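Asker: Per my numbering, the very first residue in the sequence shown carries number 1308; after that it's consecutive. Take this structure, written in C-alpha cells, and hold onto it; I'll ask about it next.
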Amino acid sequence: MELKNKKWTHDHFYGVREEILKHWPTGADVNFEEAVKYHETIPARKHFAKRLVKAKKNGETLTQPRAGVALLDEHINLLNFLRTEGEADLLPTTIDSYTRQNQYENCANAIEESMKAGRSLLNGFPAVNHGVHGVRKLVESVDGPLQVRHGTPDARLLTEITLAGGFTSYEGGGISYNIPYAKSVSLEKTIYDWQYNDRLVGIYAEHGIEINREPFGPLTGTLVPPCISHAVAIIEGILAAEQGVKNITLGYGQCGNLFQDVAAIKALEQLAEEYLVKHGYSDCVLTTVFHQWMGGFPQDEAKAFAVISWGAAAAALAKATKVIVKTPHEALGIPTKEANAMGLRATKQLINMLADQPFPMTAEVDIEVEMIKAETRCILDKVFELGNGDFASGSVRAFEAGVLDVPFAPSQYSLNKILPARDNNGAVRLFDVGNLPFTQDIIDFHKAKIDARAKEEGRKASFQMVIDDIYAISKGRLVGRPN
Ligand SMILES: CCC[C@H]1O[C@@H](n2cnc3c(N)ncnc32)[C@H](O)[C@@H]1O
C-alpha cells in the first residue's frame, strides 16, 4: 500500500472493492448501477447536499441531532419523532460501536437480544447487518435528508451499504476517525481506507449522484484548539476533493468563548476556501458545521440546557450552516427520544431568536480570526512540506513529528505533547505547544494569555489548570478557577 494524495483509478478501486463486499453477507446486495438508479428516485427534499446549499444561500443554521438504535422499526420511529417533535432540519443515523469496529457478528447477536429484550442493546444503528434493503426501508420511511454518523477507522463496507441504501451524506475521515477513535490502528491504513470511501462518493458524483461528505471536526472534543481541528478538517477536505468529492462540510467543536467560536467558524470558511482553491479544487461547495460542546456536561438537566443553548447561540451568531445538537441526557448516556427532541427545540428557539441579530465583527474577533488562520497555516504548510507536496503522506509524518497533535487522543500515533488550557476569558489556548510548528510570535501570544490568567488567579500556570478546565463546564463554569 503506497499512500499518496492521488485519485484512485477505477481499476485500483474496483480491485479493492471485490474483497470489501465479502466482509459480511449483506455486502452481496450492493450493486452500484442499481444503486445509482435508486438514488435517482429519491425526492430532492431528501438530498442532504441540496438542503445544505439552500441553507448557505439563505443564511440559515440548520439543526441536526445524533440518534441511533438497534432495530429498524424503532430507529424509523425515533427519526420521525425527532423530525416532527424535535423539528430537526437534518437527520442522522448514528452507527453502533460494534459496527465501528467491524464486529458484525456481535451486531447480529445484539439485534437478536434487542428483539427479545424489547429495547435497544446497541448504542447505534447496525447498518451493515440491516443491509441495503433495511437501509432503503429506513430512507423511504423517514421524511428528511439522512446522514451516516459514526467513528469507524475501516468504514468501507459501511459506506458501500449505506450509500447503496440511499443515504445522501456521510461523516468521517482518515484522521478524524482514527486518532480520536482508535488506539493502535495504523493511521496510514486508515487514511488509505478513507480514500476508498471518498472515491466511492466521487464515482457516485461521476454518475450524477451528489453525496455530501463531512470530516469529523471536534476530534477528541476536549479543549481542542481551533487550529488543530481546522488543520485536520482542511486536510481531510483536500483528500476527499482529490477523490472526486464535490460537496464538503467542515466542522468545529465549540470551545465556549463566544468570540473565539465565532472567529473559528469565520477562519474555517476562509481558510478552507483558500486551501482548496490553491490546491486545484475550486469546484467544491463548502459548508460548515458547529458541534455544541463536546466535552463533559453537567448532570443537572437545567444546566445541560444552558450549555446546549450557549452552543446554539454561538452556532447562530457564527452563521454556521448547521449545528449538531446535544441533549439534556448527555452526562447520563444515550438520550431518550423526548430528551433528544427537547435539545433540538431549545436550539431551534435560540437560532430563530438570533436570526435577526447580526454578530458585530469587533476588532477582538478579527484578531482571533487572524490568529487562528496564522496558526492553522503554520501547521498545514509544514504538513505539506513533510509530505513533499502530499497531504496524505505528510499527515502521517506530521503526527510522527508532533506537527499534528490532538489533545487527549487515545491513538498511539498522536504524540499527545500539546496541552490546552483556557485563558482568562475562557478562550482555549496552548499551555504547552509541544512540537507544533508555530512562529515565535504565536508561541508568545499563547504564553502571554495563559500567564495573564495565572496572574489573575494568583497561581503558576500549570497542568492543574488543564485538569480544572476539563471539568469546569460539568461543574458549572467555563474557566476552571482554583477552589
Ligand atoms: C462524537 C459523538 C459523541 C456524541 O454522540 C452522542 N451519541 C452517541 N450515540 C448516540 C445515540 N445512539 N443517540 C444519541 N446520541 C448519541 C453522545 O451522547 C455524544 O454526545
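From the three backbone atoms N, C-alpha and C, an ideal C-beta is built for every residue, glycine too. This one's a predicted model, so the numbers in the text were calculated from it and none came from an experiment.
1) Can you tell me where the beta strand (DSSP E) with residue 1520 in it begins and where it stops?
2) Any chance the CB of residue 1377 is under 7 Å from a heavy atom of ligand 1?
3) Report the rounded CA-to-CA distance for residue 1367 versus residue 1656, giving the unit in angstroms.
4) Use the C-beta contact count for residue 1463: other C-beta atoms within 10 angstroms, 16 or more gives buried, fewer gives exposed.
5) Which whole-angstrom value is the C-beta distance of residue 1512 and residue 1480, which I expect to be below 8 Å?
6) Report the residue ranges of all beta strand (DSSP E) runs contained in full by the region 1600 to 1671; include only those spanning at least 3 residues, in chain order.
7) Any idea which residues DSSP pairs residue 1597 with across the strands?
8) Taking only runs that begin and end inside the region 1444 to 1499, name each unbroken beta strand (DSSP E) of 3 or more residues, in chain order.
9) Answer with buried or exposed for residue 1483, where buried requires no fewer than 16 other C-beta atoms within 10 angstroms of its C-beta.
10) State whether the region 1554 to 1569 contacts the region 1662 to 1680, with contact taken as three or more CB pairs (one from each stretch) at a distance under 8 Å.
11) Quick one: what's got a C-beta closer than 6 Å to residue 1639's C-beta in the same chain, skipping five residues either side?
12) Do residue 1641 and ligand 1 come close, with the Cβ less than 7 Å from some heavy atom?
13) Going by CA-CA distance only, name the one from 1418, 1423 and 1630 that's closest to residue 1431.
14) Does the distance between the C-beta of residue 1633 and the nearest non-hydrogen atom of ligand 1 fall short of 7 Å?
15) Can you tell which of 1380, 1527, 1437 and 1373 has its C-alpha closest to the C-alpha of residue 1335?
16) Check residue 1533 in the structure and name its three-state DSSP category.
17) Exposed or buried, what is residue 1321 when buried is set at 16 or more other beta-carbons lying within 10 Å of its beta-carbon?
18) Per DSSP, residue 1739 is paired with what?
19) Classify residue 1371 as helix, strand or coil using the three-state DSSP reduction.
20) Using only the heavy atoms of ligand 1, determine whether one of them is closer than 7 Å to the beta carbon of residue 1419.
21) Using beta-carbon positions only, say whether residue 1710 and residue 1749 come within less than 8 Å of one another.
Answerer: Let me spell this out:
1) Unbroken beta strand (DSSP E) run through residue 1520: 1519 to 1521.
2) No, since every heavy atom of ligand 1 falls outside the 7 Å radius drawn around the Cβ of residue 1377.
3) Distance between the alpha carbons of residue 1367 and residue 1656: 13 Å.
4) Sixteen is the threshold: when 16 or more other Cβ atoms of the shown chains lie within 10 Å of the Cβ of residue 1463, as they do, the residue is buried.
5) Residue 1512 to residue 1480, Cβ: 17 Å. No contact.
6) You should have 1629 to 1631.
7) 1559 and 1630.
8) Within the region 1444 to 1499, the complete beta strand (DSSP E) runs of at least 3 residues are 1453 to 1456 and 1476 to 1478.
9) Residue 1483 should be labelled buried.
10) Flag = yes, the region 1554 to 1569 and the region 1662 to 1680 touch.
11) Same-chain partners within the cutoff: there are none.
12) Distance from the C-beta of residue 1641 to the nearest heavy atom of ligand 1 is below 7 Å.
13) The shortest Cα separation from residue 1431 among 1418, 1423 and 1630 belongs to 1418.
14) Yes, the Cβ of residue 1633 comes within 7 Å of a heavy atom of ligand 1.
15) Of the candidates 1380, 1527, 1437 and 1373, 1437 places its Cα closest to the Cα of residue 1335.
16) Per DSSP, reduced to three states, the secondary structure at residue 1533 is helical.
17) Result: exposed.
18) 1726.
19) Strand at residue 1371.
20) Flag unset: Cβ of residue 1419 not near ligand 1.
21) Cβ distance not < 8 Å, so residue 1710 and residue 1749 don't count as in contact.
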